[in-house]
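With the first letter of the sequence shown counted as 1, position 154 gets the number 210 in this note's numbering; the numbers rise by one all the way through.
Even for Gly, the Cβ is constructed at its ideal location relative to N, Cα and C.
Bear in mind the structure is a predicted one, so any value in this text is a computation, not a measurement.
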Amino acid sequence: LNKNNFVCRALDNRMGGFMIAEVARLLHESGKKLPFGLYITNSVQEEIGLRGAEMITDRIKPNVAIVTDVTHDTTTPMIDKKKEGDCEVGKGPVIAYAPAVQQKLRDLIVDTAEEKKIPFQRSALSRATGTDTDAFAYSNGGVASALISLPLRYMHTTVEMVHRDDVENVIRLIYETLLKIKPGDTFSYFD
C-alpha cells in the first residue's frame, strides 16, 4: 500500500510463516548456537480446530512453544474495542495474557522486549486464545506456551493489512527471546 503497509488476502497466517522463516534465517546467519533443539513449524487447519498444531505437538513433544498468529487491529470498523482490547497496527507485536499462556515464558518475552527496546502491546484473553497456542499449552501434560501476535486490519478479507515495523519487531522479539532461553529451562512453576 505504501512503504510501511502490506495489503493482500490471507496474510492470516501466511505472514506468520514468513516471520518464523525469518527467525530461522537470522539464527542461521548469526551462527549463534542455541543450547536446545529447535523446531520451527507452520501448521494448517488452525481456523477449523487447531488440527495441524495438535499433530505437531503430538509428534515433536515440545517443552516450550512460542506461537505467532495475527490479532485484530481494534481500530478496524466493526471490531469492538471493549471486547477485543486496544491494539493497533504500527505499535508493535501483541503479547497475550491468557490461561494458555505460561506466565514465566511470557515474562521472559516481555523482559526481552523491554531490554531490547522492542515496542509491544498487551492483549488480555479470558478464555481460549483462538490460536495454536491452545493446542500446544494443553498437550502432552502441558507445554509452556506463549503467544506473540501481529496486529492486522480487516481480518479474513481480501484486503488484510499489516505494518512492516510490526512484522520486523515480531521477528526480532522471537529471535531475541530464543537467545535468552537457557539450557534446561522448563518454565515450571515448581522449579
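Q: Could you pull the start and end residues of the beta strand (DSSP E) that residue 125 belongs to?
A: 120-128
Q | Three-way DSSP call (helix, strand, coil) for residue 219 in this model | A | strand
Q. With 16 other CB atoms within 10 Å as the buried threshold, where does residue 81 fall?
A. exposed
Q.
Suppose you measure from the CA of residue 194 to the CA of residue 165; what does that come to, to the nearest Å?
A. 20 Å
Q: List the residues that DSSP assigns as beta-bridge partners of residue 152.
A: 179
Q. If we ignore side chains and look at the alpha-carbon of each, how far apart do residue 90 and residue 234 end up?
A. 8 Å
(Q) One question on the structure: do residue 68 and residue 125 come within less than 9 Å of each other, judged by their Cβ atoms? (A) yes
Q. Nearest-angstrom Cα distance between residue 87 and residue 107?
A. 34 Å
Q) When the Cα atoms are used, what is the spatial distance from residue 204 to residue 139? A) 19 Å
Q: Taking all protein chains shown into account, decide if residue 157 is buried (16 or more other Cβ within 10 angstroms of its Cβ) or exposed.
A: buried
Q) Is residue 169 close to chain C, meaning its C-beta is less than 9 Å from at least one C-beta of that chain? A) Absent here is chain C; the protein component of the structure consists of one chain.
Q) Going by DSSP, what residues sit across from residue 64 in a beta bridge? A) 216
Q: Counting only the same chain and skipping the five closest in sequence on each side, list residues whose C-beta sits under 8 Å from that of residue 61.
A: 145, 217, 218, 219 and 220
Q: Indicate the three-state DSSP secondary structure (helix, strand or coil) for residue 116 in the structure shown.
A: helix
Q. Going by the CB atoms, is the gap between residue 76 and residue 97 shorter than 9 Å?
A. yes
Q: Put residue 77 into one of helix, strand or coil per three-state DSSP.
A: helix
Q | Backbone CA spacing between residue 161 and residue 201 [nearest angstrom] | A | 7 Å
(Q) Only counting the same chain, and skipping five residues up and downstream in sequence, which positions put a Cβ closer than 6 Å to that of residue 159? (A) none
Q: Please classify residue 184: does DSSP put it in a helix, a strand, or coil?
A: coil
Q) Are the CB atoms of residue 191 and residue 66 nearer to each other than 9 Å? A) no
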